[in-house]
Amino acid sequence: MIHPNLWIPVLPVVIPQIIITVLVFTFVHIWFYPPQAFVATFFNGPTGLITSWFAILQQSGIISRMIIEKTILPGPLKKIFDSVLRQNAPQRFISKVVAKEIEEKKEKEKLATRPVGEVLKSQLMVFSDEVIYYISNPYYWIKFFLIIFFNLFPFFGPYILIFLRSPGKARNLHERYYAIQEFNKEDIKTFFNANRAFYTSFGVVALNLELIPVVGMFFTYTNIVGASLWAAQLEKDRETKIKLNQLK
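Counting in my numbering, the sequence shown runs from 224 upward without gaps.
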């Protein structure tokens with residue numbers, strides 16, 4: 224993030240990101256801290272007050288990131304990812320990045336010809352469908368209660384959660400890479416399984432950084448830079464293998 228051009232897409236969304244984070248933490252703290260603190264104190268004594276506060280911090284972080292990543296962050300993160308690739312990836316892959324950007328620009332131009340009300344309605348329907356999906360999906364409720372459960376155990380509980388969530392976190396950071404490569408679900412699954420150890424280690428670091436109070440939200444951007452640099456390195460390695468095979 225030392226390059227000034229990487230900050231251009233970030234600055235307009237920093238204030239909204241802070242506001243959403245504060246509002247979500249306040250809401251979650253008011254409604255969920257008292258019952259969690261009661262249960263944690265019952266199991267762990269006075270330390271339960273501290274562990275439940277960290278649990279609330281983590282839960283509010285997950286919820287706020289979910290909202291932010293679905294609303295204000297997709298555009299800026301995509302621009303950062305592509306910008307890093309253009310600076311570090313092989314030329315062959317950069318041409319893929321440019322082609323993807325041109326394709327998306329044409330799609331935006333098509334949207335611009337549609338009535339504003341129709342576009343807003345379709346976007347609102349997509350967002351509401353996602354909200355309904357998360358609310359109605361038992362997986363996310365199980366995940367939510369597992370977070371509460373593991374945080375009842377001080378020290379090691381949160382780290383178990385981080386380890387369990389880390390592969391999925393890293394995979395999400397590479398969504399743009401998959402889109403540029405035009406991977407389907409099977410391609411993503413195969414690629415992910417072949418690199419699971421790397422995804423796990425990258426996800427552990429990314430989650431630990433994002434869970435740091437207050438400044439954690441800014442590590443969202445450094446994590447996407449890291450994911451993009453990793454994608455660029457993967458393409459460099461791929462190109463090196465192709466050249467070596469051609470020499471044989």
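No residue lacks a Cβ here, since even glycine has one placed at the ideal position from N, Cα and C.
Since we're looking at a predicted model, the values are computed, not measured.
Residue i, DSSP secondary structure in three states
| i | result |
| --- | --- |
| G268 | coil |
| P257 | helix |
| N446 | helix |
| P232 | coil |
| H397 | coil |
| A322 | helix |
| A454 | helix |
| A263 | helix |
| A417 | helix |
| I295 | coil |
| F368 | helix |
| T274 | helix |
| A312 | coil |
| L434 | coil |
| T336 | coil |
| F406 | coil |
| N360 | coil |
Cut-off 7 Å between Cβ atoms - residues of its own chain near residue i, not counting five sequence neighbours on either side
| i | result |
| --- | --- |
| I355 | none |
| P165 | Outside the shown range of the chain (224 to 471) lies residue 165, about which nothing can therefore be said. |
| I291 | Q240 and I243 |
| S306 | N228 and L229 |
Residue j beta carbon less than 8 Å from that of residue i
| i | j | result |
| --- | --- | --- |
| L503 | I317 | In the structure displayed, the chain extends from 224 to 471; residue 503 sits before or after that span and is not available. |
| I279 | Y256 | yes |
| R315 | E462 | yes |
| F277 | P381 | yes |
| I365 | L384 | no |
| T249 | M440 | no |
| I447 | L300 | yes |
| V251 | S283 | yes |
| F368 | V427 | no |
| N311 | A455 | yes |
Through-space distance from residue j to residue i, alpha-carbon basis
| i | j | result |
| --- | --- | --- |
| A402 | L246 | 32 Å |
| P361 | S275 | 23 Å |
| V262 | G268 | 10 Å |
| S451 | H397 | 8 Å |
| E326 | R399 | 14 Å |
| E405 | K323 | 9 Å |
| Q240 | Q281 | 16 Å |
| F442 | E433 | 6 Å |
| T413 | Y444 | 27 Å |
| V438 | L296 | 16 Å |
| K466 | G449 | 26 Å |
| F379 | P258 | 21 Å |
| T423 | R388 | 8 Å |
| K408 | K329 | 25 Å |
| V321 | N431 | 33 Å |
| K464 | N395 | 26 Å |
| F415 | N468 | 24 Å |
| L234 | I435 | 20 Å |
| K319 | S287 | 33 Å |
| T294 | L470 | 48 Å |
| K331 | F372 | 44 Å |
Spatial neighbours of residue i in its chain, beta-carbon cut-off 6 Å, leaving aside the 5 residues before and after
| i | result |
| --- | --- |
| F425 | A393 |
Burial state of residue i (16 or more Cβ within 10 Å)
| i | result |
| --- | --- |
| A420 | exposed |
| A417 | exposed |
| S359 | exposed |
| W453 | buried |
Neighbourhood of residue i by C-beta, 8 Å cutoff - its chain only, sequence neighbours within 5 removed
| i | result |
| --- | --- |
| I272 | Per the sequence presented here, residue 272 reads as Leu, with Ile not at that position. Closer than 8 Å at Cβ, skipping near neighbours: A260, A263 and T264. |
| G298 | P232 |
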